[in-house]
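In what follows, a structure is listed as structure tokens, so that the remarks can point back to it.
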Amino acid sequence: MLREMFGITTSEQERRFKEVIRDLEETYGFVDKQILVQRLMSEFGIDSEFFDQIQQDMADLNMDHLDHLLDTPLKFDYECNICHRSFTELCEHLQGQDRLEILLQMGEVDKGLALLNKLGLNQLDEILWQIRFLIIDHDMNEIKQLLDEGSQIIYDDNDEYNIFRLQVLKIHYLLDQRQYDEALRVADSISPFADQLENNENPEISYWMASLSQGMASALLKMGQVKVALDPLLVATDIFIEIKNQYQVAVSFALISSVMGILQEGNKAHDAARLALQLMGQLDNDFGLIRVKTFIASGFLSLFETDIAMDYASEALESAIEMEKNTIIAALYGLISQIHLIEHNYNEALVVADKCLEYAEDQNISEIRAIAVSLKGDIEAEQNHIDNAIEYYERAIEMLVDGRDDQIILDLDRRIAELERLR
Numbered sequence: 255m256l257r258e259m260f261g262i263t264t265s266e267q268e269r270r271f272k273e274v275i276r277d278l279e280e281t282y283g284f285v286d287k288q289i290l291v292q293r294l295m296s297e298f299g300i301d302s303e304f305f306d307q308i309q310q311d312m313a314d315l316n317m318d319h320l321d322h323l324l325d326t327p328l329k330f331d332y333e334c335n336i337c338h339r340s341f342t343e344l345c346e347h348l349q350g351q352d353r354l355e356i357l358l359q360m361g362e363v364d365k366g367l368a369l370l371n372k373l374g375l376n377q378l379d380e381i382l383w384q385i386r387f388l389i390i391d392h393d394m395n396e397i398k399q400l401l402d403e404g405s406q407i408i409y410d411d412n413d414e415y416n417i418f419r420l421q422v423l424k425i426h427y428l429l430d431q432r433q434y435d436e437a438l439r440v441a442d443s444i445s446p447f448a449d450q451l452e453n454n455e456n457p458e459i460s461y462w463m464a465s466l467s468q469g470m471a472s473a474l475l476k477m478g479q480v481k482v483a484l485d486p487l488l489v490a491t492d493i494f495i496e497i498k499n500q501y502q503v504a505v506s507f508a509l510i511s512s513v514m515g516i517l518q519e520g521n522k523a524h525d526a527a528r529l530a531l532q533l534m535g536q537l538d539n540d541f542g543l544i545r546v547k548t549f550i551a552s553g554f555l556s557l558f559e560t561d562i563a564m565d566y567a568s569e570a571l572e573s574a575i576e577m578e579k580n581t582i583i584a585a586l587y588g589l590i591s592q593i594h595l596i597e598h599n600y601n602e603a604l605v606v607a608d609k610c611l612e613y614a615e616d617q618n619i620s621e622i623r624a625i626a627v628s629l630k631g632d633i634e635a636e637q638n639h640i641d642n643a644i645e646y647y648e649r650a651i652e653m654l655v656d657g658r659d660d661q662i663i664l665d666l667d668r669r670i671a672e673l674e675r676l677r
């Protein structure tokens with residue numbers, strides 16, 4: 255496959271191919287496929303016919319389905335508990351778990367947990383709601399304890415649907431813990447039960463099915479499997495549209511916009527962003543707009559449309575600061591630092607990277623801490639400050655000692671190796 259991709263046909267090309275592999279083995283002790291592909295691309299370039307076929311495959315990949323979604327007018331009504339008045343007003347008209355759902359979508363963790371304590375739900379439902387709220391504030395230790403408690407309950411009564419719901423939340427917990435392979439393994443373990451539920455007409459079950467697909471898409475995106483991630487993301491979007499969950503449809507279109515940005519599909523990125531902002535704007539949900547604008551900004555950064563990316567990231571940051579969503583603030587500072595870096599505004603990039611690091615340390619988020627420090631390395635590398643850059647990259651690797659960020663560590667090792675050659 256790799257020989258076909260890079261047009262390796264002659265004995266001389268084969269010799270150079272093997273030299274690249276040996277060099278990687280000597281540098282890293284093993285051959286990582288992603289780094290190998292990057293090195294081969296630099297050495298040979300992609301074969302034009304193979305590249306044309308890949309481009310055609312990408313063009314065909316669910317694009318007809320996506321075009322249909324982007325072109326189909328969407329209408330949501332009051333019966334589905336999501337309407338065109340403000341979420342605050344809507345929340346006042348709802349009771350029980352319907353009200354919890356709106357508070358969750360508004361990011362109102364304290365109010366949600368306070369209401370939950372008054373509802374007298376069964377123990378498992380209470381645990382599931384607690385996990386969903388605590389994920390917003392990245393309270394991973396408490397979530398881990400609740401997952402353990404929930405596991406004991408569901409395996410005692412052996413209720414498949416309850417097992418399914420708890421495992422879906424475990425997937426989202428694993429995503430926050432950067433255990434992407436394990437998240438996909440859990441998703442695969444509950445897929446037989448998900449298949450049984452596929453044609454159900456219960457909106458609650460459908461919600462959990464969509465949440466499973468969304469989790470799988472997020473894991474694949476984090477692992478760099480962008481094309482593969484689009485399929486479960488579209489599945490989730492279809493389900494959310496079917497059950498008329500306007501909030502989640504808006505979030506899904508924002509994610510689609512981000513994916514289209516990565517795939518350099520600019521028109522589709524713009525169309526999906528427009529729909530996401532329109533749908534979330536109708537709900538007048540500040541927390542939802544933070545999420546939507548963050549995803550959209552990331553997509554436009556991938557398209558190198560930095561002015562648009564900066565506008566959305568800055569708007570999201572202002573709202574996140576007002577709502578004191580510190581985990582999101584840390585991530586947005588990292589995103590804004592990347593935008594400054596691409597625009598060669600090195601001083602601004604460094605200042606914002608330091609703010610990202612400050613918030614990440616306060617929230618004890620190792621991945622964002624490492625991203626902030628590696629960003630400082632990128633800023634130094636761009637200015638040919640090689641020793642400083644290597645020092646920052648090595649510090650970032652030390653922050654990822656839990657072994658859950660193998661791909662990030664490999665990427666940092668690659669950057670260090672490249673800079674070492676320039677010394």
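Position 126 (the sequence shown) corresponds to 380 in the numbering used here; numbering is contiguous. From the three backbone atoms N, C-alpha and C, an ideal C-beta is built for every residue, glycine too.
In the structure shown, what three-state DSSP assignment does residue i receive?
{"i": "D393", "result": "coil"}
{"i": "K424", "result": "helix"}
{"i": "N599", "result": "coil"}
{"i": "G478", "result": "coil"}
{"i": "L256", "result": "Note on L256: pLDDT 47, under 50, position unreliable in the model; the coordinate value appears next. Looking at L256 - three-state DSSP - the assignment turns out to be helix."}
{"i": "T491", "result": "helix"}
{"i": "N416", "result": "helix"}
{"i": "L517", "result": "coil"}
{"i": "I308", "result": "A caution first: I308 carries a pLDDT of 47, below 50, which makes its placement in the model unreliable, though a value can still be read off. Residue state, collapsed to three classes: helix."}
{"i": "E674", "result": "helix"}
Is it true that the CB of residue j sits closer than 7 Å to the CB of residue i?
{"i": "A551", "j": "A530", "result": "no"}
{"i": "A437", "j": "A473", "result": "yes"}
{"i": "L611", "j": "A626", "result": "yes"}
{"i": "A490", "j": "Q468", "result": "yes"}
{"i": "Y647", "j": "I663", "result": "no"}
{"i": "I644", "j": "L666", "result": "no"}
{"i": "L742", "j": "I385", "result": "No information on residue 742 is available, as it lies outside the stretch 255 to 677 that the chain covers here."}
{"i": "A526", "j": "G515", "result": "no"}
{"i": "I407", "j": "S460", "result": "no"}
{"i": "P446", "j": "M470", "result": "no"}
Quick check on this structure: which residue in the options has the alpha carbon closest to the alpha carbon of residue i?
{"i": "K547", "options": "A567, L438, I495 and E559", "result": "A567"}
{"i": "E559", "options": "G520, V440, S472 and S467", "result": "G520"}
{"i": "K481", "options": "V513, I493 and K498", "result": "V513"}
{"i": "E452", "options": "R439, L466 and V440", "result": "L466"}
{"i": "A584", "options": "L595, V606 and D641", "result": "V606"}
{"i": "H392", "options": "E496, N618 and S506", "result": "N618"}
{"i": "S511", "options": "N539, D492, G542 and L555", "result": "L555"}
{"i": "V440", "options": "R545, E458 and L420", "result": "L420"}
{"i": "Y600", "options": "I444, I544, N395 and H639", "result": "H639"}
{"i": "Y587", "options": "M463, L604, Y434 and L367", "result": "L604"}
{"i": "V503", "options": "G542, I516 and K398", "result": "G542"}
Could you tell me the boundaries of the alpha helix (DSSP H) in which residue i lies?
{"i": "Q359", "result": "G350 to Q359"}
{"i": "S592", "result": "Checking the displayed sequence, the identity of residue 592 turns out to be Gln instead of Ser. Residues N580 to I596."}
{"i": "R528", "result": "G520 to L537"}
{"i": "L555", "result": "D540 to S556"}
{"i": "E576", "result": "T560 to M577"}
{"i": "I651", "result": "I640 to E652"}
{"i": "K498", "result": "K498 -> no alpha helix (DSSP H), and no H or E assigned at all."}
{"i": "Q433", "result": "Here Q433 belongs to no alpha helix (DSSP H), and DSSP marks it neither H nor E."}
{"i": "E374", "result": "Note that residue 374 is Gly in the sequence shown, not Glu. First-last for G374: undefined, no H or E at that position."}
{"i": "R623", "result": "S620 to E636"}
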